[in-house]
Amino acid sequence: MKAAIWSAFLLSSVAFGSFASNFNTVDPGTFDPKDTDLVAARWIHGIGCPTDQKITPDGSKTTPFSDPACPTGDKGDRDNSGLLLVKTGPTANVAAAGADLKSVRGIKLTELGYDIRTGSHCGGGAPRFNVVTEDNVTHFVGCSSGTVTTSSAGWRRLRWVPSNPAQAFPPIAPTSTVRSISIIFDEGQDTPGDGSGSAIIDNVDVNGKLVGER
115 MKAAIWSAFL LSSVAFGSFA SNFNTVDPGT FDPKDTDLVA ARWIHGIGCP TDQKITPDGS
175 KTTPFSDPAC PTGDKGDRDN SGLLLVKTGP TANVAAAGAD LKSVRGIKLT ELGYDIRTGS
235 HCGGGAPRFN VVTEDNVTHF VGCSSGTVTT SSAGWRRLRW VPSNPAQAFP PIAPTSTVRS
295 ISIIFDEGQD TPGDGSGSAI IDNVDVNGKL VGER
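For the sequence shown, the working numbering begins at 115 and goes up steadily by one.
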């Protein structure tokens, strides 16, 4: 079902995506063929993982602030934006939120990742990467299989090695060439776990390059 739901999204990504291997944009969108209005995907200012930001403890002076979970981030994101992904109601509803990663076609994939905010849904199926390789195979990389590299009370930085069969299904051979990469959120509020039907992510990582809103 998940692969079928997103086949149209992936085909459009291939048709309109750039052939340059210079990942630079995470473009949110939804798949909602019957217009249920129960899914949403958008970058929102002020909800991302703060890197090189500032706070004002006394209301007058500011001091530098970075969350320990994200010591590095996308320097092009000037508004500390986070990507909000939401699916309200049941998982069985044929609708999903997600994002298309631009300018990834032709690369050899060595690393995937993102920062995820505490309280977000992080299951085996969402938010996940769908990676389509040039041999027309779709590889699933689910949130819950990620390795935590840094963390805080508010955020976790997750990383995946695409060739690791414990993190990607099926695993992606180091010699495989990427056709498209998408982030998919299609698990609703009835999925066991937090029941939020939502996630906030930031600093999407492809081969060590971090991209937020630009």
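Built from N, CA and C at the ideal position, the CB exists for glycine as well. Bear in mind that the values here come from a model prediction, so they are computed numbers and not experimental data.
Check: Between I314 and S234, which are expected to be in contact by the criterion C-beta below 8 Å, what is the C-beta distance as a whole number of angstroms?; Outcome: 6 Å
Check: Does I315 come out as helix, strand or coil in the three-state DSSP assignment?; Outcome: strand
Check: Over the uninterrupted beta strand (DSSP E) stretch that includes N244, give me the two end residues.; Outcome: R242 to T247
Check: To the nearest angstrom, how far is it from the Cα of S290 to the Cα of L223?; Outcome: 8 Å
Check: Can you name the residues that DSSP bridges to R192?; Outcome: Paired residue(s): none; R192 is not in a bridge.
Check: Taking all protein chains shown into account, decide if N244 is buried (16 or more other Cβ within 10 angstroms of its Cβ) or exposed.; Outcome: buried
Check: Secondary structure at S332, three-state DSSP: helix, strand or coil?; Outcome: The question about residue 332 has no answer, for the chain in this structure spans 115 to 328.
Check: Select from V140, N250 and T177 the residue whose C-alpha is nearest the C-alpha of K168.; Outcome: T177
Check: Going straight from the alpha carbon of P182 to that of S265, what length do you get?; Outcome: 7 Å
Check: Assess, as a yes-or-no matter, whether the region 280 to 297 is touched by the region 210 to 223 under the definition of 3 or more beta carbon pairs within less than 8 Å.; Outcome: yes
Check: What's the gap between the Cα of I230 and the Cα of R270?; Outcome: 5 Å
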